[in-house]
Amino acid sequence: MFSSIFSSGKKNKQSTLSARRGVKLALIQLEERVNPAGGPLPDAPLFASQDGVLHVKFTAQSVTTEIDGTSFGDVYTYAAELISGEETPGTTDSKYIQPTLQVQPGDRLIIDYGNSLPQVEDDDGNMVDQSINLHLHGYYGDHLGMS
Numbered sequence: 010m011f012s013s014i015f016s017s018g019k020k021n022k023q024s025t026l027s028a029r030r031g032v033k034l035a036l037i038q039l040e041e042r043v044n045p046a047g048g049p050l051p052d053a054p055l056f057a058s059q060d061g062v063l064h065v066k067f068t069a070q071s072v073t074t075e076i077d078g079t080s081f082g083d084v085y086t087y088a089a090e091l092i093s094g095e096e097t098p099g100t101t102d103s104k105y106i107q108p109t110l111q112v113q114p115g116d117r118l119i120i121d122y123g124n125s126l127p128q129v130e131d132d133d134g135n136m137v138d139q140s141i142n143l144h145l146h147g148y149y150g151d152h153l154g155m156s
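In case it helps, this note's numbering puts the sequence shown at residues 10 to 156.
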């Protein structure tokens, strides 16, 4: 349900791992209360193409969040922004539930992907950008580019 990632920097690795476990546990406990097993999932916002184009921007970012009165730092999530297309709000305003992207055959989908995550120290002590990836569910593409 929650689409967040957590800091993986080398500095204070033990405290980072401990905080990561705490955030995951808090998110799981919150999800179980908000969405008991078998209960309906909240509807994600819908970004749909308009006039044959859907243009969105996702930016990976580090945020501080509060869950049940406990503050957690270095929680990684994505900010989603609709550049062009049509938006239908979801039933939640959670920053962890990302929008559903909907295009029709022949439409153009443009995804800008930004990285605002803090740099981390590599094995040689150099500060480097953290890598990110695009993770999709339910993507159906035609190998001939006709989808």
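Positions of the beta carbon are idealized from the N, C-alpha and C atoms, including for glycine.
The model shown is predicted, which means the values in this text are computed figures rather than measured ones.
Residue range of the unbroken beta strand (DSSP E) whose run includes Ile92: Within the sequence shown, numbered from 1, the residue matching residue 92 stands at position 83. 79–93 is the span of the beta strand (DSSP E), which, as asked, contains Ile92.
Residues near Gln111 in its chain [Cβ-Cβ closer than 8 Å; skip 5 each side]: On the sequence shown, residue 111 is found 102 positions in, with the first residue counted as 1. Here Gln111 has Leu55, Phe56, Ala57, Ser58, Leu63 as same chain residues with Cβ atoms under 8 Å from its own Cβ, once five neighbours each way along the sequence are excluded.
The beta strand (DSSP E) with Thr157 in it runs from where to where? No statement about residue 157 is possible, as the shown extent of the chain runs from 10 to 156 and does not include it.
If contacts are defined as beta-carbon pairs under 8 Å, then Thr79 and Lys104 qualify, I think. What distance do you get, rounded to the angstrom? Numbered from 1 along the sequence shown, position 70 holds the residue referred to as residue 79. Numbered from 1 along the sequence shown, position 95 holds the residue referred to as residue 104. No, Thr79 and Lys104 are not in contact; Cβ-Cβ is about 17 Å, not under 8 Å.
The beta strand (DSSP E) with Leu110 in it runs from where to where? Within the sequence shown, the letter at position 101 stands for residue 110. 109–111 is the extent of the beta strand (DSSP E) around Leu110.
Phe81 versus His146 - alpha carbon distance: For this step, residue 81 is matched to residue 72 along the sequence shown. For this step, residue 146 is matched to residue 137 along the sequence shown. Roughly 27 Å between the two C-alpha positions.
Asp121 versus Leu143: straight-line alpha-carbon distance, rounded: Residue mapping note: residue 121 aligns to position 112 of the sequence shown, counting from 1. Residue mapping note: residue 143 aligns to position 134 of the sequence shown, counting from 1. If I take the Cα positions, the gap works out to 11 Å.
Rounded separation between Gln70 and Asp116 - CA only: Walking along the sequence shown from the start, residue 70 turns up at place 61. Walking along the sequence shown from the start, residue 116 turns up at place 107. When rounded, the distance between both Cα atoms is 29 Å.
Could you tell me which residues DSSP puts in a beta bridge with Thr68? The residue you call residue 68 lines up with position 59 of the sequence shown. In the DSSP secondary-structure assignment, Thr68 is bridged to Ala88, Gly123.
Please report how far the alpha carbon of Pro98 lies from the alpha carbon of Gly134, in whole angstroms. Counting from 1 along the sequence shown, the entry for residue 98 is found at position 89. Counting from 1 along the sequence shown, the entry for residue 134 is found at position 125. Between Pro98 and Gly134, the C-alpha separation is close to 44 Å.
Go to Ala57, then tell me how far its beta strand (DSSP E) extends in each direction, as first and last residue. Counting from one through the sequence shown, the residue named residue 57 turns up at place 48. The continuous beta strand (DSSP E) containing Ala57 extends over residues 55–57.
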